[in-house]
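Working notes, structure below.
In our numbering, the protein residues as written are 1342 to 1399.
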């Protein structure tokens, strides 16, 4: 894919959103009393799922 393509740049910026959503999910889980290790697993699973969908969406 050509790096000057606007779609490439849009997809690249979405990586920041994945990280932010993972952190938000982890904080939410911790706020509901989930153990820290389990909360980090939720974060990892969410980030992996989002990354997989982003990479394979096009």
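Ideal Cβ positions, reconstructed from N, Cα and C, are used throughout, including at glycine.
Where the alpha helix (DSSP H) through residue 1388 begins and ends | 1377 to 1397
Simplified DSSP state of residue 1374, which is helix, strand or coil | coil
From residue 1366 to residue 1387, what does the alpha carbon distance come to, in whole angstroms?
-> 8 Å
Rounded C-alpha distance that separates residue 1377 from residue 1371 = 6 Å
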